[in-house]
Amino acid sequence: MPFARRPLSPVRRRAAQALAVTGAAALLLTGCGSSGTSGPSSSASSPAGDAAGGGNGTNGTNGTNGTNGANGGKRTVKDATGKAVEVPAEPKRIVTLTQEDLDAVLALGVKPVGITNGQGLNEPPAYLKDKVQGVPVVGNLLQPVMDKVIAAKPDLILAGDMQDEQMLKQLREITPATLVTMAPTDDWKLAFKGIGNAVNKLDQASKVIGDYEARAAKAGGELTKNTGAAVSIVRWNPTGPSWMEKKQFASGVALDMGLTRPAAQDKDGNAHSPALSLEKLSEIDGDWLFLSTLTDDGRSALKDVQSKPAYQELAAVRNNHVVTVDGSVWSTRGGPLAADVVIGDFGKALGGN
């Protein structure tokens, strides 16, 4: 599991990576029409690149193959675990159980009928708050209250990276159209396109990603003296700091902007390092240090260390190049709207120097 929440142990992470060699989110991008027509269905083994390309409708991603029949229609997609799930061709009442699912559907212009609180929060994430005014909260992240989910009357539940089989069973009793939308090693862009396919908006999702990449490249080109700077991306936990690997969400945004990572953090993967001791604190140094926390304990631990020599001796600290950022955005698995926030944070910190 990536950096923010639900972290994997090294052993569990290696196992997850082995299971995800073919890209679990690619399965979610493979769909077929199933509204009772005799049209051809797509192959479940179609590569992600074919589905993600969009435009030809051959994988049931654009409302073809009988997916939008007169009776409302159904489509069959495979979720991130490989499970075939029948979903409405045009879902009207979507419940999201993670911040990433919420970010994704909002980026696609869909307002859900039920959401969960943000990561480490007892309310919706601040950066999405104005977009979900009046939407019922059905529980905390990946911890839905079943009665509240039932009250939302969903025709589609996006369950993020939920691994609790008992809870998934309960959700599928509410609606069989319950999808695990991301696997532990999924890149956020691939997961987003999978969600786009699940709600029958893959073409739009592909455009959103293209627009994001153009915006990131443009913003990176405007960083003047800090173009290509080595940025350290760190969350401070109660047990110490952890830096993010290169494919973790905020790290990926940095790379899309043409920024680099310090040598100690130049590691593939979308998880995070173990919590570091004071003796290894040099691993969080860089041209710039972007720091986040998620809990009061984490904030207290950070405050305690900031007066210690090991922290004061970091080059980023000496150069006044430490930037505090919102952990509920930077420490997530990410989505297009969160990516906009991260681009803005980088631009604000690095653009005028």
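Heads up: the sequence shown begins at 6 in our numbering, then just goes up one per residue.
No residue lacks a Cβ here, since even glycine has one placed at the ideal position from N, Cα and C.
Is residue i helix, strand or coil when you go by DSSP?
| i | result |
| --- | --- |
| residue 113 | coil |
| residue 366 | This structure leaves residue 366 out entirely; the chain is present only between 6 and 358. |
| residue 89 | strand |
| residue 38 | Caution applies to residue 38, whose pLDDT of 39 falls short of 50 and renders its modelled position unreliable; the value that the coordinates give is listed next. Here residue 38 sits in strand by DSSP. |
| residue 328 | strand |
| residue 172 | helix |
| residue 311 | coil |
| residue 83 | strand |
| residue 350 | helix |
| residue 149 | strand |
| residue 334 | helix |
| residue 287 | helix |
| residue 297 | strand |
| residue 199 | helix |
| residue 186 | coil |
| residue 260 | helix |
| residue 213 | helix |
| residue 322 | helix |
| residue 47 | Note that residue 47 has pLDDT 32, beneath the 50 cutoff, so the model's placement of it is unreliable and the number below is only indicative. It is coil, neither helix nor strand. |
Report back the beta-carbon spacing between residue i and residue j to the nearest angstrom; my notes put them in contact at under 8 angstroms.
| i | j | result |
| --- | --- | --- |
| residue 3 | residue 226 | The shown model of the chain, from 6 to 358, leaves out residue 3, and the question about it has no answer. |
| residue 239 | residue 247 | 7 angstroms |
| residue 126 | residue 111 | Wrong, their Cβ atoms sit about 17 angstroms apart, outside the cutoff. |
| residue 210 | residue 197 | 6 angstroms |
| residue 203 | residue 173 | Actually they do not touch by this definition, with Cβ atoms about 15 angstroms apart. |
| residue 189 | residue 99 | Wrong, their Cβ atoms sit about 23 angstroms apart, outside the cutoff. |
Take residue i as the anchor and find which of the options has the nearest alpha-carbon.
| i | options | result |
| --- | --- | --- |
| residue 332 | 249, 86, 288 | 249 |
| residue 130 | 177, 106, 326, 152 | 106 |
| residue 102 | 340, 142, 271 | 142 |
| residue 242 | 349, 211, 299, 276 | 299 |
| residue 254 | 341, 84, 320 | 341 |
| residue 303 | 222, 350, 244, 78 | 244 |
| residue 217 | 121, 339, 80 | 339 |
| residue 164 | 320, 95, 109 | 109 |
| residue 149 | 136, 120, 124 | 120 |
| residue 222 | 319, 262, 159, 306 | 262 |
| residue 2 | 167, 140, 347 | Residue 2 cannot be examined here, being either before or after the span of the chain that is shown, 6 to 358. |
| residue 128 | 146, 114, 115, 113 | 146 |
| residue 157 | 180, 171, 306 | 180 |
| residue 205 | 98, 94, 313, 144 | 94 |
| residue 311 | 283, 277, 292 | 283 |
| residue 168 | 159, 186, 155 | 186 |
| residue 324 | 189, 266, 292, 171 | 292 |
| residue 267 | 276, 320, 175 | 320 |
| residue 97 | 220, 171, 114 | 114 |
| residue 85 | 213, 170, 166 | 166 |
| residue 228 | 92, 354, 90 | 354 |
| residue 345 | 322, 214, 270 | 214 |
Report the rounded CA-to-CA distance for residue i versus residue j, giving the unit in angstroms.
| i | j | result |
| --- | --- | --- |
| residue 285 | residue 279 | 11 angstroms |
| residue 316 | residue 260 | 26 angstroms |
| residue 234 | residue 153 | 47 angstroms |
| residue 352 | residue 230 | 12 angstroms |
| residue 336 | residue 327 | 17 angstroms |
| residue 290 | residue 122 | 32 angstroms |
| residue 297 | residue 329 | 6 angstroms |
| residue 161 | residue 191 | 21 angstroms |
| residue 151 | residue 137 | 20 angstroms |
| residue 356 | residue 350 | 10 angstroms |
| residue 347 | residue 195 | 18 angstroms |
| residue 80 | residue 87 | 15 angstroms |
| residue 308 | residue 343 | 26 angstroms |
| residue 295 | residue 236 | 7 angstroms |
| residue 252 | residue 272 | 8 angstroms |
| residue 288 | residue 199 | 35 angstroms |
| residue 201 | residue 313 | 47 angstroms |
| residue 208 | residue 306 | 45 angstroms |
| residue 83 | residue 318 | 51 angstroms |
| residue 144 | residue 281 | 33 angstroms |
| residue 275 | residue 256 | 9 angstroms |
| residue 212 | residue 301 | 38 angstroms |
Name, in chain order, the residues that DSSP records as bridge partners for residue i.
| i | result |
| --- | --- |
| residue 235 | 265 |
| residue 220 | According to DSSP, which records beta bridges pairwise, residue 220 is partnered with nothing at all. |
| residue 248 | 239 |
| residue 163 | 101, 184 |
| residue 120 | 142 |
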